[in-house]
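Written out below as structure tokens is the structure these notes cover.
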Amino acid sequence: MKPAIPVTERRLAFAAEWYHAEAGIIRPFLITYYVSDKAVEVFDQRNKRTFLRRTKIPELTQRDFFVGSKINVFGRQFDIVDYADEITRTNLAKYRKKGFILLKNNMWAKHLGNFLKIMIENKININKGLMVQFSPKMVTQFLSGKDVSSSSVLMNELLAGPAISLELIGDNVIETIKACATYKNPEQEASGVKLSPSLEELCECEEIRNGFYFADNEEDVARDLKFFFESGQGIIKECVFKNTTLAIIKPHSIKDGLLGDIILEIMANGFRVTAMRMILMARINCEEFYEVYRGVLPEYIPMVAQLASGVCMCLEIASSDPEKDVHTEFRNFCGPMDPEIAKLLRPHTLRAKFGKSKVQNAVHCTDLPDDTNLELQYMFKIID
40 MKPAIPVTER RLAFAAEWYH AEAGIIRPFL ITYYVSDKAV EVFDQRNKRT FLRRTKIPEL
100 TQRDFFVGSK INVFGRQFDI VDYADEITRT NLAKYRKKGF ILLKNNMWAK HLGNFLKIMI
160 ENKININKGL MVQFSPKMVT QFLSGKDVSS SSVLMNELLA GPAISLELIG DNVIETIKAC
220 ATYKNPEQEA SGVKLSPSLE ELCECEEIRN GFYFADNEED VARDLKFFFE SGQGIIKECV
280 FKNTTLAIIK PHSIKDGLLG DIILEIMANG FRVTAMRMIL MARINCEEFY EVYRGVLPEY
340 IPMVAQLASG VCMCLEIASS DPEKDVHTEF RNFCGPMDPE IAKLLRPHTL RAKFGKSKVQ
400 NAVHCTDLPD DTNLELQYMF KIID
């Protein structure tokens with residue numbers, strides 16, 4: 040029997056699953072997050088014993104825990120599949136609604152960073168992201184069964200260039216996105232949804248307002264998320280692999296709400312995003328990725344722990360000027376590994392602006408030019 044938890048202590052309880060790859064089975068667990076000391080406890084439901092006693096894990100915060108999320112606990116990846124009690128359900132269900140949005144090529148290429156920044160400022164978090172390239176067959180499958188006005192126009196827009204699919208998490212998220220899309224229309228006024236000043240300012244731009252498709256009910260949200268993030272093989276936008284480099288926006292930056300700010304800085308300084316993928320890496324993959332630093336940097340182990348601590352955003356970066364060496368340009372733009380040195384010597388760089396320490400330095404960039412394609416291959420093709 041799992042020991043009783045004092046009723047006065049605030050905690051969140053979730054049903055979770057762990058896939059045992061060697062045995063090919065899924066094992067059920069109960070995960071409890073204690074708000075007071077930010078500690079985690081894991082109970083093995085199958086064997087009726089504690090798997091991990093109450094332990095502080097600084098990399099995990101309350102925002103990481105919601106139905107549909109994936110969390111890493113000392114290298115083991117758990118899928119949160121349900122609330123474990125009614126108290127947790129009551130406290131979180133209305134604040135952790137899922138939404139789906141698809142950013143069209145003509146919109147995101149100009150406004151991606153600002154769009155994400157405003158969404159996050161309004162407590163709409165980005166849980167999954169993927170740049171996709173539609174074929175006529177795939178766009179037909181995506182639109183099949185949808186009641187979309189001017190579907191032929193939407194089809195042409197989606198075939199015009201890569202789009203970005205996003206899973207959103209937030210309070211009243213479907214209604215909020217719908218109000219953005221119908222801003223200043225009678226439909227939006229009748230909905231009763233009041234947009235914040237920052238969202239109103241964002242939606243004043245017609246190119247942004249008309250630049251995305253969204254699912255307007257929970258059933259369509261579930262279907263669209265499945266299409267892109269569970270059965271979306273073959274739709275992901277392939278890397279260019281020619282005069283491009285890898286950037287990884289680290290988990291601590293995403294948890295701190297800086298995803299939009301960093302992308303805004305990148306795209307405003309002569310760089311383009313040619314592929315995108317948001318993933319939660321298993322610890323063994325983080326170790327493999329950082330293998331070159333093992334025994335070289337004393338920060339190797341905490342670097343691995345940071346990369347495995349939550350979702351990261353992988354970007355293939357190209358230069359707006361095809362004549363420039365993008366690897367060198369972007370590496371210089373990221374700045375020195377230590378943000379304190381970056382602030383002194385190169386205050387305009389990403390790590391100077393958004394980094395905290397050598398480990399939490401906001402972004403990873405490829406060190407050696409010969410490794411650019413290897414790192415891109417690893418992040419976009421090798422990791423499942």
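Heads up, the sequence shown stops at 423 in our numbering, and the numbers go up one at a time, no gaps. Every residue gets a Cβ at the ideal spot worked out from N, C-alpha and C, and that includes glycine. As the structure is a computational prediction, the values presented were derived from the model and not from experiment.
On the three-state DSSP scale, how would you describe residue i?
i, result
"phenylalanine 53", "strand"
"phenylalanine 117", "strand"
"serine 292", "helix"
"asparagine 412", "helix"
"asparagine 164", "strand"
"histidine 59", "strand"
"proline 42", "Confidence in proline 42 is poor, its pLDDT being 49 and thus under 50, which makes the residue's placement too unreliable to answer from."
"isoleucine 157", "helix"
"alanine 381", "helix"
"leucine 169", "strand"
"valine 335", "coil"
"alanine 132", "helix"
"methionine 146", "helix"
"isoleucine 421", "helix"
"leucine 407", "coil"
"threonine 127", "helix"
"aspartate 186", "coil"
"isoleucine 20", "Shown here, the chain extends from 40 to 423; a query on residue 20 therefore has no answer."
"phenylalanine 266", "helix"
"arginine 85", "coil"
"phenylalanine 280", "coil"
Assuming residue i is part of the alpha helix (DSSP H), what are its boundary residues?
i, result
"cysteine 325", "322-328"
"proline 463", "Summary: the structure shown does not reach residue 463, with the chain confined to residues 40 through 423, and so no result is reported for it."
"proline 361", "First-last for proline 361: undefined, no H or E at that position."
"arginine 102", "Per DSSP, arginine 102 belongs to no alpha helix (DSSP H) and is neither H nor E."
"glutamate 48", "Segment: none, glutamate 48 is in no alpha helix (DSSP H) and carries neither H nor E."
"glutamate 498", "As displayed, the chain neither begins before 40 nor continues past 423, which places residue 498 out of reach and without an answer."
Just grab the DSSP bridge partners of residue i for me.
i, result
"alanine 261", "Paired residues: none, contrary to the question."
"isoleucine 110", "Phe117"
"valine 402", "Ile288"
"lysine 95", "Ala78"
"tyrosine 252", "Leu141"
"alanine 314", "Glu355"
Taking residue i as part of the beta strand (DSSP E), name the residues at either end of that continuous run.
i, result
"cysteine 35", "The structure shown does not extend to residue 35, since the chain is modelled only from 40 to 423, so the question has no answer here."
"leucine 177", "The question names leucine, but residue 177 in the sequence shown is methionine. Careful: methionine 177 lies outside any beta strand (DSSP E), inside the alpha helix (DSSP H) at 175-182."
"phenylalanine 393", "Note, phenylalanine 393: premise wrong, no beta strand (DSSP E); alpha helix (DSSP H) at 389-393."
"leucine 69", "64-73"
Compute the minimum distance between the beta carbon of residue i and the heavy atoms of the ligand SAH, and state whether it is under 8 Å.
i, result
"valine 398", "Looking for the ligand SAH in the displayed structure turns up nothing, as the structure carries no ligands at all."
Is the region 153-166 touching the region 110-118 in the sense that three or more CB pairs, one from each, lie closer than 8 Å?
-> no
Kindly provide the ranges of any alpha helix (DSSP H) runs that are 4 or more residues long and lie completely inside the region 188-236, ordered along the chain.
-> 190-198, 212-220 and 225-230
Answer yes if the region 264-274 comes into contact with the region 169-181, meaning at least three C-beta pairs across the two stretches below 8 Å, and no otherwise.
-> yes
Would you say the region 360-378 touches the region 282-291, given that touching needs at least three Cβ pairs under 8 Å?
-> yes
Spell out a yes or no on whether the region 55-72 and the region 81-98 are touching, meaning 3 or more CB-CB pairs, one atom from each, closer than 8 Å.
-> yes
Are the region 382-392 and the region 340-359 touching, with three or more C-beta to C-beta distances below 8 Å?
-> no
Stretch-stretch touch, CB-based, cutoff 8 Å, three pairs: the region 322-330 with the region 290-301 | no
Three or more C-beta pairs closer than 8 Å, one from the region 130-147 and one from the region 211-228: is that the case here?
-> yes
Would you check if there are 3 or more beta carbon pairs closer than 8 Å linking the region 119-130 to the region 246-263?
-> no
Contact the region 295-310 vs the region 352-365: 3+ CB pairs below 8 Å = yes
For the region 249-261 against the region 141-150, are there 3 or more C-beta pairs whose distance is under 8 Å?
-> yes
Give a yes or no on contact between the region 148-162 and the region 302-311, applying the rule of three or more CB pairs nearer than 8 Å.
-> yes
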